[in-house]
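Reading through the structure tokens given below for one structure.
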Amino acid sequence: MSDMGYVQMAKVFNSLREPMLRSAIQALQLPSGSQGLDAGCGIGLQALLLAESVGPAGHVTGLDLSPEVLAHARDTVSEAGLLERVSFREGDVCQLPFADDTFDWAWSVDCVGYAPLEPLPLVKELARVVKTGGSVAILAWSSEKLLPGHPVLEARLRATTAGIAPFIEGEKPESHFLRALGWFRDAGLAEPTAHTFVGDSHAPLTDDLRSAFTALFDMRWPGVESELSQEDWAEYQRLCLPESPDSILGHPDYYAFFTYSKIQGMVR
Numbered sequence: 026m027s028d029m030g031y032v033q034m035a036k037v038f039n040s041l042r043e044p045m046l047r048s049a050i051q052a053l054q055l056p057s058g059s060q061g062l063d064a065g066c067g068i069g070l071q072a073l074l075l076a077e078s079v080g081p082a083g084h085v086t087g088l089d090l091s092p093e094v095l096a097h098a099r100d101t102v103s104e105a106g107l108l109e110r111v112s113f114r115e116g117d118v119c120q121l122p123f124a125d126d127t128f129d130w131a132w133s134v135d136c137v138g139y140a141p142l143e144p145l146p147l148v149k150e151l152a153r154v155v156k157t158g159g160s161v162a163i164l165a166w167s168s169e170k171l172l173p174g175h176p177v178l179e180a181r182l183r184a185t186t187a188g189i190a191p192f193i194e195g196e197k198p199e200s201h202f203l204r205a206l207g208w209f210r211d212a213g214l215a216e217p218t219a220h221t222f223v224g225d226s227h228a229p230l231t232d233d234l235r236s237a238f239t240a241l242f243d244m245r246w247p248g249v250e251s252e253l254s255q256e257d258w259a260e261y262q263r264l265c266l267p268e269s270p271d272s273i274l275g276h277p278d279y280y281a282f283f284t285y286s287k288i289q290g291m292v293r
């Protein structure tokens with residue numbers, strides 16, 4: 026995906042993700058006035074929520090590899106009037122451009138823990154830049170129920186190559202995100218914990234939510250036609266294409282949910 030495609034996708038998905046991410050950030054219990062790192066910050070939407078959590082005396086540093094994406098992040102923060110509380114740095118999560126013990130905490134959503142990067146070195150790198158007693162937290166998409174009333178079709182979609190992504194068939198089980206407690210223990214982090222947060226929506230959907238769910242279908246199950254039977258592919262098109270008169274998003278009883286899971290540990 027191009028940088029511009031990513032930027033547009035992040036904006037479209039925000040109506041789905043923001044309420045759930047607010048809950049996840051609240052659960053972090055970040056100290057007021059603390060200094061933290063948002064690794065893989067994207068267009069800065071989560072950095073705003075983090076800055077809100079740490080208060081006016083706190084500071085959030087967002088890091089991303091793409092200068093184009095960071096330009097949008099700076100615009101996002103400028104529009105919110107928070108340039109004094111949020112700054113951005115171009116850099117790679119594999120080799121963070123910060124000294125040891127720089128931050129009070131580090132957070133990464135939809136970045137650390139995703140294939141093809143080996144997760145353990147990334148968790149160790151996050152821990153390196155956090156002070157003793159500080160926290161490291163990573164979040165990733167962990168499940169969804171998007172096609173109510175069609176569990177067989179949804180199960181078959183989830184079993185496709187795209188459906189199990191970012192996990193890759195044939196990978197060792199320890200590389201799956203839901204085994205990240207082991208990564209935290211191996212990285213020397215204390216008291217690793219896991220918690221799952223739910224985002225959900227139901228009919229009638231706003232235009233923003235309809236657009237977000239349409240984009241989500243495309244993101245979760247791209248290129249699945251070759252792995253489905255003709256009947257399943259036809260049913261997918263009938264239910265999931267926005268131009269279909271039978272689009273499931275228009276059903277008066279539509280309800281869907283998805284989850285993000287957070288793994289958190291303390292630096293010692």
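Numbered as in the working numbering, the sequence shown ends at 293 without a single skipped number.
Glycine included, C-beta positions come from ideal geometry on N, C-alpha and C.
(1) Should the segment 239-250 be regarded as contacting the segment 175-189, the criterion being three or more beta carbon pairs within less than 8 Å?
(2) Give the C-beta separation of G116 and L88 to the nearest angstrom, bearing in mind that I take them to be a contact with Cβ-Cβ under 8 Å.
(3) Opposite A321 in the DSSP bridges: which residues?
(4) When the distance is taken between beta carbons, is M29 closer than 7 Å to Y285?
(5) Give the DSSP bridge partners of K287, in chain order.
(6) What residues are listed by DSSP as bridge partners for L88?
(7) Under 8 Å: do the segment 59-77 and the segment 91-106 share three or more Cβ pairs, one atom per stretch?
(8) How about C222 and A76: are their beta carbons less than 7 Å apart?
(9) Excluding the 5 residues flanking C265 on each side, which residues of the same chain have their C-beta closer than 6 Å to its C-beta?
(10) The alpha helix (DSSP H) that contains S78, what's its start and end?
(11) Going by the CB atoms, is the gap between P277 and A228 shorter than 7 Å?
(12) In whole angstroms, give me the CA-to-CA distance for S40 and L147.
(13) What did DSSP end up calling Q262 once you bin it into helix, strand or coil?
(14) Are the segment 127-135 and the segment 158-171 touching by the rule of at least three beta carbon pairs closer than 8 Å?
(15) Pick from L90, R210, E194 and Y139: whose alpha carbon is nearest that of K149?
(16) Between G106 and G224, what straight-line distance do the alpha-carbon atoms span, to the nearest angstrom?
(17) From the DSSP output, read off the bridge partner residues of H227.
(18) Mind checking who S133 pairs with in its DSSP beta bridge?
(19) Helix, strand or coil: which one does DSSP assign to V155?
(20) Would you report the Cα separation of W258 and S167, rounded to the nearest angstrom?
(21) Is the distance from the Cβ of L182 to the Cβ of K287 below 7 Å?
(22) Tell me, please, which residues DSSP counts as bridged to Q255.
(23) Where does E199 fall in DSSP's three states?
(24) Below 8 Å on the Cβ atoms is my guess for A205 versus P144; work out the distance and round it to an integer in Å.
(25) What's the C-alpha gap between P198 and P267?
(26) Since A64 and V137 should fall inside the 8 Å C-beta cutoff, what is the C-beta to C-beta distance between them, to a whole number of angstroms?
(27) Can the beta-carbon of D125 be found less than 7 Å from the beta-carbon of R99?
(28) CA-CA distance, T101 and S254?
(29) Please confirm whether H84 and R42 have their CB atoms less than 7 Å apart.
On the basis of the supplied data:
(1) yes
(2) 5 Å
(3) Residue 321 is absent from the model: the chain starts at 26 and stops at 293.
(4) no
(5) L164 and H220
(6) A64 and R114
(7) yes
(8) Per the sequence shown, residue 222 should be read as Phe rather than Cys. Going by C-beta atoms, F222 is not nearer than 7 Å to A76.
(9) F242
(10) L70 to V79
(11) yes
(12) 29 Å
(13) helix
(14) yes
(15) R210
(16) 27 Å
(17) Y280
(18) I163
(19) strand
(20) 24 Å
(21) no
(22) For Q255, which the question treats as bridged, DSSP gives no partner whatsoever.
(23) helix
(24) 7 Å
(25) 36 Å
(26) 6 Å
(27) no
(28) 44 Å
(29) no
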